[in-house]
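As structure tokens, the structure follows; a few thoughts come after it.
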Amino acid sequence: MSSFPTCDNVSNLITNNAGQYNPANGFGLANTSLAFFGNRLYALGESDLPYSVRLTSNGDIETLGRHDFNGKLLGSLTAHPKIDPETSETFAFRYGPVSPFLTYFYFDANGNKHPDVPIFSMTRPSFLHDFALTKNYAIFTDIQIGMNPMKMIFRKGALMGYDPTKVPRLGFIPRYAKDESEMKWFDAPGFNFMHAINAWEEDDGNTVVMIAPNILFIEHVLERMDLIHAMVEKVTINLKTGLVKRDPISTRNLEFGVINPAFVGKKNKYVYAAIGDPLPKFTGVVKLDVSNGECRGGTVATRIYGPGCYGGEPFFVAKEPDNPEAEEDDGYLLSYVHDENTEETRFLVMDAKSPELEIVAAVNLPGRVPYGFHGLFVRESDLNKL
Numbered sequence: 497m498s499s500f501p502t503c504d505n506v507s508n509l510i511t512n513n514a515g516q517y518n519p520a521n522g523f524g525l526a527n528t529s530l531a532f533f534g535n536r537l538y539a540l541g542e543s544d545l546p547y548s549v550r551l552t553s554n555g556d557i558e559t560l561g562r563h564d565f566n567g568k569l570l571g572s573l574t575a576h577p578k579i580d581p582e583t584s585e586t587f588a589f590r591y592g593p594v595s596p597f598l599t600y601f602y603f604d605a606n607g608n609k610h611p612d613v614p615i616f617s618m619t620r621p622s623f624l625h626d627f628a629l630t631k632n633y634a635i636f637t638d639i640q641i642g643m644n645p646m647k648m649i650f651r652k653g654a655l656m657g658y659d660p661t662k663v664p665r666l667g668f669i670p671r672y673a674k675d676e677s678e679m680k681w682f683d684a685p686g687f688n689f690m691h692a693i694n695a696w697e698e699d700d701g702n703t704v705v706m707i708a709p710n711i712l713f714i715e716h717v718l719e720r721m722d723l724i725h726a727m728v729e730k731v732t733i734n735l736k737t738g739l740v741k742r743d744p745i746s747t748r749n750l751e752f753g754v755i756n757p758a759f760v761g762k763k764n765k766y767v768y769a770a771i772g773d774p775l776p777k778f779t780g781v782v783k784l785d786v787s788n789g790e791c792r793g794g795t796v797a798t799r800i801y802g803p804g805c806y807g808g809e810p811f812f813v814a815k816e817p818d819n820p821e822a823e824e825d826d827g828y829l830l831s832y833v834h835d836e837n838t839e840e841t842r843f844l845v846m847d848a849k850s851p852e853l854e855i856v857a858a859v860n861l862p863g864r865v866p867y868g869f870h871g872l873f874v875r876e877s878d879l880n881k882l
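Counting the sequence shown from 1 gives a position; the numbering used here is that position plus 496.
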């Protein structure tokens, strides 16, 4: 799973007190994910500004520095911004322990930031690691993991904690909202997600569908990840009646779900997710058909890496990304896999259309790639823009 602000803060305190870095140059770890938008490549961690990076001619990663978008980004940036494949706009947010606990904003195709939209209807600080995007809405979650800054200030407990009395809810705000006046919240009892996979609007104009792993036994997520179970669900929300309906897509322990990026915010059929056995290690990857419930769809392909072999988040790369007629699953699935028996790491390329996610290429790497959080595939043509 992705890093928590508490982990970042503890690491920052240790390295700062040891004199290892100057906090004026940044205080986040930028170790959660990467994003490419506005012709810039960013390393992201939700407790700080994004860090602009570039790939040098010899293959090294060079840090250019923190980027505040000409002073318009006044705080941190989520590690999971959403990029609309049609408009190239980027939608994002930040959250924290002081009001407003949630702030929404977006960037145009050139990377210019639009004004903040503070969400004051988020009445107490919650852990908002990810969100979803549709054609007309940004969708946020208010889960049972929240923040209590006073406990940390007075050393009476951790910043993050589980609240069993809290009812999770989903918040919808128009993508181009100027303020939160049109924000709507819907109770979703028992639905706690850390990572959204995708969401879309149905043709009736009132129904939104979200695909996400629901974290069962969420009370263990901060300390015993091996005890939690992430079950991919299809959640249907009627914006007119407020009815929230949940259906399992797979009862397997799955996280780090991804799709063909061309389908962000659109109705999609296929999801690729890592198999936790238990979390946070991943023993393989599955391909899910989310067009129906589990009894009529579910898992359609599986690749197990082998005894002692563990991978990370998969990533889908289309064979013909600029072809609008290409089939949704016509592409490759990428992942790093480390063999703990031989201490070797391989870069795997799998055929996303094949019934067994057939390995079409496996590259032995000269050194180990540590287990990490999220990844990104960037085309050479985009790297040349940096």
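Ideal Cβ positions, reconstructed from N, Cα and C, are used throughout, including at glycine.
Predicted model, so just to flag it, every value in this text is computed and none were measured.
Note on geometry: alpha-carbon atoms of Pro685 and Leu560 lie some 44 Å from one another.
Here Phe601 is bridged, per DSSP, to Ala588. Here Asp825 has Tyr766, Ala848 and Lys849 as same chain residues with Cβ atoms under 6 Å from its own Cβ, once five neighbours each way along the sequence are excluded.
Per the C-alpha coordinates, the member of Asp564, Met646, His691 and Arg665 positioned closest to Met656 is Met646. DSSP places Ser746 in no beta strand (DSSP E); its state is neither H nor E. Membership of Leu879 in the alpha helix (DSSP H) is indicated by the continuous run Glu876 to Leu879. In the DSSP secondary-structure assignment, Met727 is bridged to Asn710. Judged by DSSP secondary structure, Met643 falls within the beta strand (DSSP E) whose first and last residues are Ile641 to Met643.
In the three-state DSSP reduction, Ala758 falls in the helix class (H, G or I). Comparing alpha-carbon positions, the option among Glu542, Trp696, Asn521 and Asp604 lying closest to Asn535 turns out to be Asp604. The three-state secondary structure of Glu809, taken from DSSP, is coil. Per DSSP, reduced to three states, the secondary structure at Glu715 is helical. With distances taken between CA atoms, Glu816 lies nearest to Tyr828 out of Cys805, Tyr828, Glu809 and Thr630.
When DSSP states are grouped into helix, strand and coil, Asp564 belongs to the coil group. For Asn527, the three-state secondary structure derived from DSSP is coil. Runs of the beta strand (DSSP E) spanning 3 or more residues and lying entirely within the stretch 618-694 occur at 633-638, 641-643, 656-658, 665-670 and 680-683, in chain order. In the DSSP annotation of this structure, the continuous segment of the beta strand (DSSP E) that includes Asp835 starts and ends at Gly827 to Asp835. The stretch 729-748 and the stretch 551-571 do not touch, with fewer than three beta-carbon pairs separated by less than 8 Å.
Beta-bridge pairing by DSSP links Tyr766 to Asp785. In this structure Met690 touches Asp626 by the C-beta definition: roughly 6 Å separates them, less than 8 Å. When the Cα atoms are used, Pro851 and Lys730 turn out to be separated by approximately 23 Å. Counting only the Cα atoms, Met721 lies some 7 Å from Pro776. The alpha-carbon separation between Thr747 and Phe616 amounts to approximately 36 Å.
Shown here, Asp847 sits in a strand according to DSSP, grouped into three states. Only residues of its own chain outside the window of five on either side were considered, and among them Thr703, Val705 and Lys741 have a CB closer than 7 Å to the CB of Thr732, listed in chain order. One Cα belongs to Arg671, the other to Glu542, and the distance between them is close to 21 Å. Counting C-beta pairs closer than 8 Å gives three or more between the stretch 627-642 and the stretch 561-580, which meets the contact rule. A straight line joining the alpha-carbon of Glu698 with that of Lys631 spans about 10 Å.
In terms of Cα proximity to Lys674, the closest of Val613, Ser622, Leu723 and Met846 is Val613.
Beta-bridge partners assigned by DSSP to Thr732: Val705 and Lys741. In this structure, Glu751 lies near Pro709, with their beta-carbon atoms less than 8 Å apart. Selection Thr583, Phe778 and Asn608 evaluated against Pro803 yields Phe778 as nearest (Cα-Cα). Note that the C-beta distance between Leu861 and Arg842 is below 8 Å. The continuous beta strand (DSSP E) containing Ala858 extends over residues Ile855 to Asn860. Annotated as distal: Lys578 and Lys609, with beta-carbon spacing of 8 Å or more. Bridge pairing for Phe869: absent [DSSP].
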